[in-house]
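In case it helps, this note's numbering puts the sequence shown at residues 5 to 208. Written out below as structure tokens is the structure these notes cover.
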Amino acid sequence: MNCNDYIIKNNKDFARDFETMYREVSDPWGQEARGLADTSFKLLVSSLKHLYQGGRIVDIGCGPGHLSNAFKQELAAEEYIGCDISEAAILKAKLAFPELSFHQLNIIESTLDLKANLVTALKTLYYCAPEIDITISHINSMLVPDGLFAYSYNIKGDSFTKQFLDIETLRQKMEGAGFKKVYISDYYISDERIAIDIFQKIGT
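Right under this line is the structure:
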């Protein structure tokens, strides 16, 4: 069963059954196998190294935490907090990386009662497409003034992401929600085309 089958029905309707997916599939995105060789992750981290000035990182959609320790180490973060909608994923992450902090969080419905210097979301935002405005608002509320929000986004021509939320619309929504763009790029990675964007929160 393809991982997206847990998330999209008939390539047109959201199911978003992440809980079942993480219970039934040990490494649905192949991150454990790739680790630091995950190209999308490496590009995001490389793009952040000259912008991120330290402090707390909150990672939205961390899954079972395969890239969590790498995030903390590569960016020399003072604190890393991984968040995911799936209880099963968070339990796996806590077992694998007991020295890190993980929280079950549905970013569409709520936020964390804390402030972060950097919020990240690797290939996650398109799953929030129907509720993207409130999702962006929740992310904004977690950031300190001038805090950064960095994400990767699948923009391959035949990707389902274009059906629900194309990258240009997302970027417009970011700017309309009190962010300014500080880094915008896209890359061809194997058979994928990935956008790497970094926005900065304006004001308080």
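Where a beta carbon is used, it is the ideal one built from N, C-alpha and C, also for glycine.
- Task: Can you tell me the Cβ-Cβ gap for L79 and I61, rounded? I've got them flagged as a contact below 8 Å.
- Result: 7 Å
- How about S72 and I85: do their beta carbons lie closer than 7 Å? no
- Would you check if there are 3 or more beta carbon pairs closer than 8 Å linking the segment 41 to 59 to the segment 16 to 27? no
- Going by DSSP, which residues form a beta bridge with H107? C87
- Taking only the alpha-carbon atoms, compute the straight-line gap between L40 and V49 and give it to the nearest angstrom. Because the pLDDT of L40 is 48, which lies under 50, any placement of that residue in the model is unreliable, and the number read from its coordinates should be weighed accordingly. For L40 and V49, the distance between alpha carbons rounds to 10 Å.
- Item | DSSP state of L40 mapped onto helix, strand, coil | For L40, the predicted model reports a pLDDT of 48, less than 50, meaning its position is unreliable; a value from the coordinates is still stated below. Note: L40 maps to helix in three-state DSSP.
- Message: I'd like the span of the beta strand (DSSP E) that includes L122, first residue to last.
- Response: A120 to L126
- Message: With distance defined between alpha-carbon atoms, name the residue in Y191, L174, M25 and S30 nearest to S141.
- Response: L174
- Across which residues does DSSP place K13 in a beta bridge pair? D17
- Message: On the DSSP bridge list, what partners appear for N158?
- Response: I198
- Message: Given this structure, state the Cα-to-Cα distance separating L116 from T139, to the nearest angstrom.
- Response: 12 Å
- Message: So, with DSSP's three-state summary, where would you put L47?
- Response: helix
- Option in E179, I202 and K177 with minimal Cα separation from Y187: I202
- Message: Measuring only the C-alpha atoms, how far is S156 from D195?
- Response: 15 Å
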